[in-house]
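First the structure, in the form of structure tokens, and then the observations on it.
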Amino acid sequence: MLVGCIAALLIAADAAASDPVVPVAAPVHVAPAVGSASEDDALPPLLIEWQTAHAEAVCAHLRGLAAADDARGLAVAALLSPMAMAPDGSSEELPRDVWLARAVTLGTGDPLVLWLQATRCSTDPACDQETVLAALKGLVGEDLDVRLLALSAAIGRGDASAAAAHLHAAVESDRVLDPFNGWTRLLYAELLAMQAPAPSPEVAGMAGELFDFGRPVTVADVAGVSALAVATAFVLPATAHLTRFCRADAQERRDDCLRVYARLAEGRSLMEASIAVVSGVELSGLQTDQADRHVWRERLRQNAWLRQHVPVVPGEVLPLDYFERFIEAGELAALGDRLAAAGLPRQAPDGWLPDDARLRRLIVKGRESEPEAARGD
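Numbering (numbering that gives the first Met the number 0), first residue to last: 0 to 376.
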């Protein structure tokens, strides 16, 4: 189970890293794979035994959930299917695609189900993405995530004019749908309700050590890691089209792009905020307003402070309610609480700069292409 979560997190990180804007950290510290333990260690077999039992319970639960023939239940079952994989890679074949297709058929009035359909239209020739997006807009109104997805669709069909219109509309759109948060909540609740075997004290202690939690893992931790891994891999809105579109004609679109980046920088996801602040620093460098440039650099500095502390610091004990807080208040708020609990300030101290040399250059100079001493500000 935990190995599956690690894999899902790495898939998400790789996908985000394909956009050259920013390297992305996973939502929690990613520990070494369980298989890296030595053969003489008595704990890995115990962990594998628990993971196998857990995967079997997940599989049975998902089949029951899908049998209820409810749109969201079918979609949850489809999304959680990777969690039914045993540590050795084996699993009972689950009809994930069939479940998802049935969810879409039943969920025409459900915005979260429609979001899943809309994000998959680019790989499904039978899907009319514009029709799905129009249906979404009819349900949630002017929505930031829906507008940005429509921007991506317009770019995909080569319509720069429509993409620019969606970008401009996104500036004033509310964030009604928030698909990442919505699906994470649903997945977390379903995993908590599942009748799955809890880890024994010995297994819980080993898993806590592998993840550097500073304490044994709980059932809530397993649900939280799994829900966030799946949502990050399959639901988190993509920003690659937005960042490339803004770089392609930066001068003309600068104001709209910066305003959208400012919205994303204040969101709930560290991954999304990190992409937004780096993009904002680079784009604001084209402005003559020095004060605005410094605002963006300070945003990046504060973001870098959180990113640098995503791995649990030595001696830290991850709060028991960390994942619940993450899901209820968002990743940025949960990270701030975690730092405070560990005795660290929520915000970067004056003068602090990150260890990452690229981020330091962006903060100090606003560009990454020049050495820090090459030019004045």
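In this text, a Cβ means the ideal position worked out from N, Cα and C, and glycines have one as well.
Distance from the Cα of P318 is smallest, within the candidate group R337, P310 and F325, for R337. The C-alpha of A133 is placed about 46 Å away from the C-alpha of V312. By the Cβ test, the region 237-253 is in contact with the region 147-166, since at least three Cβ pairs between them sit closer than 8 Å.
The Cβ-Cβ distance between L235 and E330 does not fall below 7 Å. The C-beta of T183 has 16 or more other C-beta atoms within 10 Å across all chains shown, which makes the residue buried.
Between the region 255-264 and the region 276-286, the count of Cβ pairs shorter than 8 Å is three or higher; the stretches touch. Assigned with DSSP and collapsed to three states, D173 falls in strand. For G279, the enclosing alpha helix (DSSP H) has its first and last residue at L269 to S283. Here R214 has G207, V316 and L317 as same chain residues with Cβ atoms under 7 Å from its own Cβ, once five neighbours each way along the sequence are excluded.
Look at the region 182-215 and you find these whole runs of alpha helix (DSSP H), each 4 residues long or longer: 200-209. For D336, the enclosing alpha helix (DSSP H) stretches over residues E330 to A340.
For Q128, the enclosing alpha helix (DSSP H) starts and ends at Q128 to V139. As computed with DSSP, D109 is found in no beta bridge at all.
For C245, the uninterrupted alpha helix (DSSP H) run begins and ends at A239 to A247, by DSSP.
Positions of the alpha helix (DSSP H) runs, each at least 4 residues long and wholly inside the region 55-87, are given as 70-78 in order along the chain. D142 has D173 as its beta-bridge partners, per DSSP. Counted as a single uninterrupted DSSP element, the alpha helix (DSSP H) harbouring T231 occupies residues V218 to F233. In this structure, the straight-line span from the alpha carbon of D248 to that of Q346 is close to 34 Å. Counting only residues of its own chain and dropping the five nearest sequence neighbours on each side, V170 has a CB closer than 7 Å to the CB of D255, R258 and V259.
Across the set V139, L305 and R300, the C-alpha of V139 shows the shortest separation from the C-alpha of R174. One thing to note: A102 has its Cβ within 7 Å of the Cβ of A74.
Contact between the region 188-200 and the region 213-230 is established, with three or more Cβ pairs separated by less than 8 Å. Here G106 is buried. Its C-beta has 16 or more other C-beta atoms within 10 Å. Separation of A332 and F325 (C-alpha to C-alpha, rounded to the nearest whole angstrom) is 7 Å. Note on geometry: alpha-carbon atoms of G335 and Q50 lie some 31 Å from one another. A153 is positioned such that its CB atom lies no closer than 7 Å to that of L190.
Counting along the chain, the unbroken alpha helix (DSSP H) around H293 starts and ends at Q289 to Q307.
For L61, the closest of P86, A85, W98 and E48 by C-alpha to C-alpha distance is W98.
Beyond the five residues adjoining it in sequence on each side, N302 comes within less than 7 Å, by CB distance, of A272, S273 and V276 in the same chain, given in chain order. With contacts defined by Cβ atoms closer than 7 Å, G181 and L111 form a contacting pair. In this structure, the alpha-carbon of A149 lies about 28 Å from that of S80. Under the 10 Å beta carbon count, G266 is surrounded by 16 or more other beta carbons and is classified as buried.
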